[in-house]
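Residue numbers (the working numbering), protein chains in the order written: chain P, 1028 to 1513; chain V, 23 to 496. All C-beta atoms, glycine included, are put in the ideal place defined by N, C-alpha and C. Down below is the structure, laid out as structure tokens.
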Ligand SMILES: [Zn+2]
């Protein structure tokens, strides 16, 4: 097997056994990036020199490879996470020149664990989108079919993992932005419980929903990467101070006897039949592994899209107010006055979708509309959370599709925002409820497009969904092709 | 028609915490621009606020001192508007769930003591400062003040005259300073005041249309602006015109208020709960702990001064008008245990000098111990009360001790009987005619002889001895 195709844990084992130097590993990825990034546009920034310098420190014995399972492992970081001294664009023109003076807590944690950063990955502008078409730096493409989207907003990270342009990556998920691109690209993606991973240094889209999580080649890698970034952080008041279990250890326990719920609202008319079939087969596999399958209902699922597209834009309209051309980022050169500077900088600095959501959110928070929109949406959000709490009284975890459709063609939905928003229908409720979810590959459509199985668990039960995903993955491991187009 | 003004005040007070409300930056005033900043208070992408618990503690203090109900759960909200001194494009404040509500303070008015209800007290962050270039059309922003903690104290419309408003403000300032949570300096902006004012016909219930007044940076300006606005609104109402709901700015130079923006241009701040901060949970224990640590408040102190020091109400009122002054008085009394005498000296001599120099008691060179020492010298007949006043002048300007000044200038009273006797002999010898007249029955001349003796001794002769010896000799 090629070096770049290895999982993080296999690669780390080779590095520790000195069968491979860290420099060789890094070079292997850098060459691959050089060959394919032009086609894929997965990376916005490649840190070749810095990565090689870091590799050298391991090969020189200045750093120890055995200290952590991430030591010497080359990773990619979504360009929404602040990296000290390295441009962090958020896929936006308005932050084209923005170089943060600090590292995100998650980035710092990976750094401490010895991970090597290959670069910053492409994304929908400010993480707003489901296709990566909203990047100011051009769309990223799906390695399984270059005419198709990799999903979004963490499209660059998912594509980079799928195309072996890194060993693993960090993404962020606000309404499905890790899980949906992972399913579109045939890789593993986990959105942790809200509060499990510090958001400090994550440039905010919707603060009450944003979470950082791993995108990896297999479930064990997801456990390793989550382990490194999970935990309380004083700098994020919304991070939760509770112990982090040993996720990798938790994978060992079989899933026999677990009760897995199938929410009926996640199988609806108009879904791609191949997706339904792949997910049904996956459910059968879990049953074969000894899990008990129970049908149940999450009755408020239908309202998830509406509630999300009020709450997230409302928060975004406020979070993005700081991009006013005053302190950093893009400013029009020849504004007439202050108001003109604000307007022109924002009109020219932001892309279309971002402006649409700022408008939506501003409207939803306006005097006279607040109760009808924002407050109502918050109430719906509580009901959706109640749905999950009630469901987890009846089962241990939920199985569902990630997306009703596989990766679509670039441009196919970009003129129809409503169609685009509806494709998030199965990922939004878990985000609104704050529960963790993982997307694990579960086969292909007739067109050879990957399909993802979504496993959702109760708050702070990441080890449980990782465990289900792991045993499902182990049972189906031999059916894993690689993207053929590359 | 008689009109009655209805006034409510919104007071912002900068809290004296060492660090800012959501980051560790210093709150010290007067540093070079943008040196007390960090990614959090600059609103850098990716930064997050973390609440400084001292701010909550300080706010609880004020809430308790003003008899407010403290919310078990309160919440921060974002107030959204664009301005270059506001780095995030929103101010973190409180809206739907403020920390404290429904309190009151009592103020003295011409109609007797009045209870002024407090609608709410909430926490928020201060904004930065714009510095406009004098020579070019350029503005700079100083973010040192950004994130300095503020509390906003909103009164109910219970004030009826500009004088009420001023005494309410003074009461709040006094309380803030007693609690040591704000220095209450309106000129420097550590205490700011906006006013809402409307007029209604006396005897009616319905409130008239109000205007909001801003930009009044002293107690005097608040009073003057309200007086002006009452005249302006009354004139309009008397002409049968209607009041426009608007925000008006006080112009100190021109002694007038001018319209800043109307109702239509009012901001829609789009308040919503700040998702970056969790709810503030305050339990009984916390409240009780703060209550236990509260200093004695002005009302209680005034009562105690009247009871323990047997001071008249007026003295007690003046001496407790600031904590520093009350402390000064008590320190002096500790050394010289005649409270009324100490009070007299502070209220007449000391406060007069301070007022002349526009200084606070904090800026006084004479320590309470030094004042007590001076009073002791009078009490022991070492100097006369009259000479003491000039000694005090010297102490006030130089900060030297009374004993030192008296020694240097030889001001000690002459109590040596033979010395006084010889001066008296001199005086009697020089004024034969008056001695004859006195002995002939013109007793009023006794004062004349005393005066002559004092003149010769430069006021240092002990008056009691002078009297005694003079009587004998005459
Ligand atoms: Zn700061």
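Contact check, residue i vs residue j, beta carbons under 8 Å
i: residue 148(V); j: residue 167(V); result: yes
i: residue 1127(P); j: residue 1110(P); result: yes
i: residue 1222(P); j: residue 1181(P); result: no
i: residue 1082(P); j: residue 1053(P); result: yes
i: residue 98(V); j: residue 296(V); result: yes
i: residue 1118(P); j: residue 1163(P); result: yes
i: residue 277(V); j: residue 256(V); result: no
i: residue 244(V); j: residue 188(V); result: yes
i: residue 80(V); j: residue 203(V); result: yes
i: residue 1392(P); j: residue 1434(P); result: no
i: residue 1074(P); j: residue 1146(P); result: yes
i: residue 1201(P); j: residue 1339(P); result: yes
Cβ-based neighbour list, residue i, same chain, cut-off 8 Å, excluding 5 preceding and 5 following
i: residue 478(V); result: 445, 448 and 449
i: residue 222(V); result: 25, 26, 28, 228, 229 and 230
i: residue 1029(P); result: 1055 and 1191
i: residue 1097(P); result: 1035, 1039, 1137, 1140, 1141, 1142, 1251, 1252 and 1255
i: residue 1375(P); result: 1120, 1357 and 1359
i: residue 488(V); result: 442, 446, 472, 475 and 476
i: residue 459(V); result: 467
Euclidean distance between Cα positions of residue i and residue j
i: residue 95(V); j: residue 1227(P); result: 25 Å
i: residue 1132(P); j: residue 73(V); result: 18 Å
i: residue 1472(P); j: residue 1175(P); result: 14 Å
i: residue 31(V); j: residue 248(V); result: 11 Å
i: residue 326(V); j: residue 128(V); result: 18 Å
i: residue 1510(P); j: residue 1275(P); result: 27 Å
i: residue 1216(P); j: residue 1031(P); result: 19 Å
Coil, strand or helix - residue i by DSSP
i: residue 1302(P); result: helix
i: residue 93(V); result: coil
i: residue 88(V); result: coil
i: residue 393(V); result: helix
i: residue 165(V); result: coil
i: residue 1227(P); result: coil
i: residue 218(V); result: strand
i: residue 308(V); result: helix
i: residue 266(V); result: coil
i: residue 387(V); result: coil
i: residue 1065(P); result: helix
i: residue 1190(P); result: coil
Sequence-distant residues of the same chain with beta carbon closer than 6 Å to residue i, five excluded per side
i: residue 1186(P); result: 1067, 1069, 1167, 1170, 1177 and 1212
i: residue 161(V); result: 152 and 154
i: residue 394(V); result: 354, 357 and 358
i: residue 122(V); result: 85, 90, 92 and 143
i: residue 301(V); result: 95 and 97
i: residue 283(V); result: 269
i: residue 1440(P); result: 1446 and 1447
Cut-off 7 Å between Cβ atoms - residues of its own chain near residue i, not counting five sequence neighbours on either side
i: residue 392(V); result: 417, 423 and 424
i: residue 1243(P); result: 1035, 1188, 1195, 1214, 1215, 1249 and 1252
Of the listed residues the options, nearest to residue i (C-alpha basis)
i: residue 1042(P); options: 1087(P), 1362(P) and 1099(P); result: 1099(P)
i: residue 1488(P); options: 1354(P), 1424(P) and 1409(P); result: 1424(P)
i: residue 69(V); options: 333(V), 387(V), 460(V) and 299(V); result: 299(V)
i: residue 107(V); options: 366(V), 403(V) and 169(V); result: 169(V)
i: residue 1384(P); options: 1155(P), 1362(P) and 1080(P); result: 1155(P)
i: residue 1311(P); options: 1323(P), 1287(P), 1184(P) and 1343(P); result: 1287(P)
i: residue 414(V); options: 163(V), 443(V) and 376(V); result: 376(V)
i: residue 172(V); options: 372(V), 114(V), 316(V) and 200(V); result: 114(V)
i: residue 177(V); options: 408(V), 217(V), 63(V) and 315(V); result: 217(V)
i: residue 1(V); options: 64(V), 82(V) and 40(V); result: There is simply no residue 1(V) to check, as chain V begins at 23 and stops at 496 in what is shown.
i: residue 1413(P); options: 1196(P), 1462(P), 1116(P) and 1495(P); result: 1462(P)
i: residue 454(V); options: 439(V), 470(V) and 440(V); result: 470(V)
i: residue 1456(P); options: 1404(P), 1492(P) and 1497(P); result: 1404(P)
i: residue 1378(P); options: 1116(P), 1431(P), 1103(P) and 1409(P); result: 1116(P)
i: residue 174(V); options: 159(V), 311(V), 195(V) and 157(V); result: 195(V)
i: residue 1125(P); options: 1353(P), 1430(P) and 1094(P); result: 1353(P)
Note down, in chain order, all residues in the stretch 109–129 of chain V with a beta-carbon under 8 Å from any beta-carbon belonging to chain C.
In the structure shown, chain C cannot be found, because the protein chains are P and V.
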